[in-house]
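S.K.:
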Amino acid sequence: MRHGRVRARCVRGFALWAGTLLAGGAHAGSAAPDLNGIWQALGSAHWNVEPHAAHAGPGPAPDALAAARGGLGVVEGDRIPYQPWARVRQRENFRNRGDRDPLRNCFLPGVPHANYLPYPLQIVQTPTHVLLAYEFAQASRTVYLDRPGFEAPVDSWMGHSRGHWEGETLVVDVTAQRADTWLDQAGNFHGAALHVAERYSLEGPNHLRYEATLTDPEVYERPWTLSMLLYRQMDPRAQLLDFKCVEFVEDRMYGELSREKPDA
Amino acid sequence: MRERVLALAWCGLFLAGAGAAAEVPMTPWGKPSLEGVWTTATLTPLERPETVAAAPLTEAERAEMEADAEALWESFDQPPPPGSVGGYNREWLDPGMKALPDGRPALIVDPPDGRIPWRPDARAAAVAERARYGVGPYYSFTDLDTGERCLSDGVTMAPLQPYNMNYQIFQTEDHLAIVHEMYHEYRIVPLDGRPFVPEEVGQWLGDARGRWQDDTLVIVSKGFADKSDYYWAWPWRAARPSLKLVERLRRVDRKTIDYEFTVEDPEMFTRPWTASAPMTTDQASRGVTAGPLYEFACHEGNYALPNILRGARLEAQLAGE
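Same order as they appear, the protein sequences are chains C and H.
For the first sequence, my numbering begins at 1 and goes up steadily by one.
For the second sequence, my numbering begins at 1 and goes up steadily by one.
Laid out in structure tokens, this is it:
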């Protein structure tokens, strides 16, 4: 019994020491800020990252709940520096958003849009990994803190994320995203060459500054940055719940191919 | 300082004598670490086939099983017979190719006969469901199983699919996150003793709560959504309110977690039953691909489902319906 206790204390002491060493490797000396928790954006970037007035939703007879909130925008300098053809395409996207917006089919949202959906995300942070779990569509991505040379094996919807700590800031490089995702519901978009440099830094215990610099020489004139706050969910009961939206869009996607079952 | 050196020396002696226990990686807060990329893939079936005795397989029998599996999977690379569109070839599959070395004939350890203790009515329903697979009729997307719809194949980490039997575990002091490669599902399990969510908040994979019992993490899941009207590839895994699942994870060495799950559902089974499916970080020992989890964007590329419905409509049209 006594030996058990001594062993437990030794193991614990050693683990603490080893854990400090490990964390120290990733973050010079002191412990990394603790980003664990459930976070959510409260602004209207989900509807449009650029400044915009409230507007009706898409479709022939939209109701009030389909409408977009107005917003001051989250883009530094207000406007995304699109190449001229890309601005034309964004406007077309906006006009056709009822059909074209990939989120309407419950497709994975991509980065950065996943971080400012009107749904919570949960950060599970360890010394070697940060898991970003999103309520929408049960999307997630793993940020590798311990594998700087690990290149994306293949393109994906949520991209390939490698991170490191710069002082108190978590810096994440997101590469290898498919071109199929949008940046918001207003048709703002990117191409296959997109590179996202993300920065996560606490502004107090319950506010997380999220910044993302988007570089895509095929679509934008120059790199540009968006910035917003994510807010911690303070309800002690808070947890991510199912939003398995595939079930909600099957009729939209496959209804025309379906038939009533004949009576048995 | 001197005390610390002494303490370290003591600890060194102690840990050196601790043997196997010291092989279990520990978290900084003194719990066994469950972190890593794990697979449960194996050739050992969940249920003991009726043709196999309820006794451990010999080494020769295991070797024969593995050779049969090789031959079966090789056949997937052959062109399909006339009239068939075929299925995935070997390139797309990553099945467990090794039987568990202890030779057990099934993953189910209780009841001892290695068989699911179905109630007769539930067994009949399961057999009827099974007979529909790949046959139809396909009136609607709900005639495809929940996996083919890219929703879920249900709870547990039982190795039932021929690919994606990979799990990544992330662990903090108060949460365990398990990312399932299949359908990119994840479960975030609070370990802080909080109550379950109200039952009406039914969840596809249940509402999970974990607690440490000595060196074993026990995860209890209940509060499942009622999705029993859907067609499930494995009906016992269907989300339904009568289901309760208890999973036990115990790290036994650097490469292995003893993973056990107990399924309780008095509406479906005559008694609770338990399976043991060891998880390993040594993917090669199971004959599956090593490496990180990939994104399984199933729904985004689900051409099979609309094409099956399209085919069914065309067949009906040709039949003059």
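Note that beta-carbon positions come from the ideal geometry of N, C-alpha and C, so glycine has one too.
Is proline 105/H helix, strand or coil by DSSP?
M.R.: Along the second sequence, one-based indexing puts residue 105/H at 105. The answer is coil: DSSP assigns proline 105/H none of H, G, I, E or B.
S.K.: May I ask which residues mark the beginning and end of the beta strand (DSSP E) holding tyrosine 259/H?
M.R.: In the second sequence, counting from the first residue as 1, residue 259/H sits at position 259. From DSSP, the beta strand (DSSP E) with tyrosine 259/H extends over 256–264.
S.K.: My parser needs the beta strand (DSSP E) runs of 3 or more residues fully inside the region 222–299 of chain H; what are they?
M.R.: DSSP runs (the beta strand (DSSP E)) wholly in the region 222–299 of chain H: 244–253, 256–264, 273–276.
S.K.: Between the region 177–193 of chain H and chain C, which residues of the former have a C-beta closer than 8 Å to a C-beta of the latter?
M.R.: If the cut-off is 8 Å between Cβ atoms, the region 177–193 of chain H has Ala177, Val179, Tyr183, His184, Glu185, Tyr186, Ile188, Pro190 near chain C.
S.K.: How is the beta strand (DSSP E) around phenylalanine 170/H delimited, first residue to last?
M.R.: Along the second sequence, read from residue 1 onward, the residue named residue 170/H stands at position 170. Segment 166–171, the beta strand (DSSP E) holding phenylalanine 170/H.
S.K.: Measure the C-alpha to C-alpha separation of histidine 55/C and alanine 225/H and round it to an integer number of angstroms.
M.R.: Along the first sequence, read from residue 1 onward, the residue named residue 55/C stands at position 55. Along the second sequence, read from residue 1 onward, the residue named residue 225/H stands at position 225. Taking the straight line from one Cα to the other gives about 36 Å.
S.K.: In angstroms with no decimal places, state the Cα-to-Cα distance between proline 105/H and alanine 54/H.
M.R.: Taking the first residue of the second sequence as position 1, residue 105/H is located at position 105. Taking the first residue of the second sequence as position 1, residue 54/H is located at position 54. Rounded to whole angstroms, proline 105/H to alanine 54/H spans 7 Å at the Cα level.
S.K.: When you compare each of Arg119/H, Trp92/H, Leu57/H, Pro28/H to proline 266/H by their alpha carbons, which one comes out closest?
M.R.: Against the second sequence, residue 266/H aligns to sequence position 266. Checked all of Arg119/H, Trp92/H, Leu57/H, Pro28/H; the closest Cα to proline 266/H is Arg119/H.
S.K.: Measuring straight from C-alpha to C-alpha, what distance separates serine 221/H and glycine 37/C?
M.R.: One-based indexing of the second sequence puts residue 221/H at position 221. One-based indexing of the first sequence puts residue 37/C at position 37. Roughly 21 Å between the two C-alpha positions.
S.K.: How long is the line joining the alpha carbons of proline 45/H and alanine 68/C, rounded to whole angstroms?
M.R.: For the purposes of this step, residue 45/H is taken as the residue at position 45 of the second sequence. For the purposes of this step, residue 68/C is taken as the residue at position 68 of the first sequence. When rounded, the distance between both Cα atoms is 52 Å.
S.K.: Is there a Cβ of chain C sitting closer than 8 Å to that of threonine 262/H, yes or no?
M.R.: Taking the first residue of the second sequence as 1, we reach residue 262/H at position 262. Answer no: the Cβ-Cβ gap between threonine 262/H and chain C never drops below 8 Å.
S.K.: In this structure, how does DSSP classify proline 162/H when only helix, strand and coil are distinguished?
M.R.: Numbered from its first residue, the second sequence carries residue 162/H at position 162. In this structure, proline 162/H counts as coil in the three-state DSSP scheme.
S.K.: Could you check whether threonine 281/H and tryptophan 29/H sit closer than 8 Å to each other, using their CB atoms as the reference points?
M.R.: Taking the second sequence and counting its residues from 1, the one referred to as residue 29/H is at position 29. Taking the second sequence and counting its residues from 1, the one referred to as residue 281/H is at position 281. The answer is no: Cβ separation not under 8 Å.
S.K.: For alanine 297/H, return the contacting residues in chain C, with the cut-off set at a CB-CB distance below 9 Å.
M.R.: In the second sequence, the residue the question calls residue 297/H occupies position 297. By Cβ distance, chain C contributes Phe107, Leu108, Ser156, Trp157, Met158, Arg178.
S.K.: Can you give the Cα-Cα distance for lysine 227/H and isoleucine 116/H, rounded to whole angstroms?
M.R.: Taking the first residue of the second sequence as position 1, residue 227/H is located at position 227. Taking the first residue of the second sequence as position 1, residue 116/H is located at position 116. Lysine 227/H and isoleucine 116/H: Cα-Cα distance of roughly 21 Å.
S.K.: Could you tell me which residues DSSP pairs with glycine 36/H in its beta bridges?
M.R.: Reading the second sequence from its first residue, position 36 is the one you call residue 36/H. Paired residue(s): Ile169/H.
S.K.: Does the region 290–305 of chain H come into contact with the region 109–118 of chain C, if we say contact requires no fewer than three beta-carbon pairs (one atom in each stretch) closer than 8 Å?
M.R.: Contact between the region 290–305 of chain H and the region 109–118 of chain C is absent, because fewer than three Cβ pairs lie under 8 Å.
S.K.: Measuring alpha carbon to alpha carbon, tell me which residue in Val155/H, Asp94/H, Arg211/H, Trp234/H is nearest leucine 205/H.
M.R.: In the second sequence, residue 205/H corresponds to position 205, counting from 1. Considering only alpha carbons, the answer is Val155/H.
S.K.: Please list, in chain order, the chain C residues whose beta carbon lies closer than 7 Å to that of proline 306/H.
M.R.: Within the second sequence, numbered from 1, the residue matching residue 306/H stands at position 306. Within 7 Å Cβ-Cβ: Tyr254, Leu257.
S.K.: At a Cβ threshold of 8 Å, is tryptophan 345/H touching chain C?
M.R.: This structure leaves residue 345/H out entirely; chain H is present only between 1 and 321.
S.K.: Exposed or buried, aspartate 207/H, counting other C-beta atoms within 10 Å across all chains shown (16 or more means buried)?
M.R.: Mapped onto the second sequence, residue 207/H falls at position 207. That one is buried.
S.K.: Go ahead and pull the three-state DSSP assignment for isoleucine 80/C.
M.R.: Along the first sequence, read from residue 1 onward, the residue named residue 80/C stands at position 80. Here isoleucine 80/C sits in coil by DSSP.
S.K.: Identify whether glutamate 129/H lies in helix, strand or coil by the three-state DSSP scheme.
M.R.: As a position in the second sequence, residue 129/H is number 129, starting the count at 1. Correct three-state label for glutamate 129/H: helix.
S.K.: Spatial neighbours of arginine 237/H within its chain, please: CB distance less than 7 Å, with the 5 preceding and 5 following residues excluded, ordered by chain position.
M.R.: Along the second sequence, read from residue 1 onward, the residue named residue 237/H stands at position 237. Excluding positions up to five away in sequence, the list reads Asp153, Gly154, Val155, Thr156.
S.K.: By the criterion of Cβ-Cβ separation under 8 Å, what are the contact partners of tyrosine 294/H in chain C?
M.R.: What you label residue 294/H is simply residue 294 of the second sequence in a count that begins at 1. Those within 8 Å of tyrosine 294/H in chain C are Pro153, Val154, Ser156.
S.K.: Applying the criterion that 16 or more other CB atoms from any shown protein chain within 10 Å of the CB defines a buried residue, is aspartate 63/C buried or exposed?
M.R.: Looking up residue 63/C in the first sequence gives position 63. Classification for aspartate 63/C: exposed.
S.K.: Measuring alpha carbon to alpha carbon, tell me which residue in His190/C, Tyr119/C, Met234/C is nearest alanine 41/C.
M.R.: The residue given as residue 41/C occupies position 41 in the first sequence. The shortest Cα separation from alanine 41/C among His190/C, Tyr119/C, Met234/C belongs to Tyr119/C.
S.K.: Counting contacts by CB-CB distance shorter than 8 Å, is tyrosine 313/H in contact with chain C?
M.R.: Numbered from its first residue, the second sequence carries residue 313/H at position 313. A small fix is needed here, since residue 313/H is arginine in this sequence, not tyrosine. By this cut-off, arginine 313/H is an interface position.
S.K.: Check alanine 60/H in the structure and name its three-state DSSP category.
M.R.: Within the second sequence, numbered from 1, the residue matching residue 60/H stands at position 60. Three-state result, alanine 60/H: helix.
S.K.: Rounded to a whole number of angstroms, what is the C-alpha to C-alpha distance between alanine 158/H and aspartate 102/H?
M.R.: Indexing the second sequence from 1 puts residue 158/H at position 158. Indexing the second sequence from 1 puts residue 102/H at position 102. Each residue's Cα considered, the two are about 17 Å apart.
S.K.: Have a look at glycine 29/C and histidine 164/C and give me their C-alpha separation to the nearest angstrom.
M.R.: Indexing the first sequence from 1 puts residue 29/C at position 29. Indexing the first sequence from 1 puts residue 164/C at position 164. Model confidence at glycine 29/C stands at a pLDDT of 46, short of 50, so the residue's coordinates are unreliable and nothing is read from them.
S.K.: Measure the CB-CB distance between alanine 41/H and glycine 96/H and report whether it falls below 8 Å.
M.R.: Here the question's residue 41/H lines up with position 41 in the second sequence. Here the question's residue 96/H lines up with position 96 in the second sequence. Yes, Cβ-Cβ distance for alanine 41/H and glycine 96/H is below 8 Å.
S.K.: Considering only their Cβ atoms, is the gap separating methionine 228/C from asparagine 206/C smaller than 8 Å?
M.R.: The count along the first sequence starts at 1 and reaches residue 206/C at position 206. The count along the first sequence starts at 1 and reaches residue 228/C at position 228. Taking 8 Å as the Cβ cut-off, asparagine 206/C and methionine 228/C do not qualify as a contacting pair.
S.K.: For arginine 162/C, return the contacting residues in chain H, with the cut-off set at a CB-CB distance below 8 Å.
M.R.: Taking the first sequence and counting its residues from 1, the one referred to as residue 162/C is at position 162. None at all; the shortest Cβ gap to chain H is about 12 Å.
S.K.: At what residues does the alpha helix (DSSP H) containing isoleucine 308/H begin and finish?
M.R.: Walking along the second sequence from the start, residue 308/H turns up at place 308. First-last of the alpha helix (DSSP H) with isoleucine 308/H: 304–318.
S.K.: Name the residues in the region 61–93 of chain C whose C-beta lies less than 8 Å from a C-beta of chain H; which are they?
M.R.: Within the region 61–93 of chain C, no residue qualifies.
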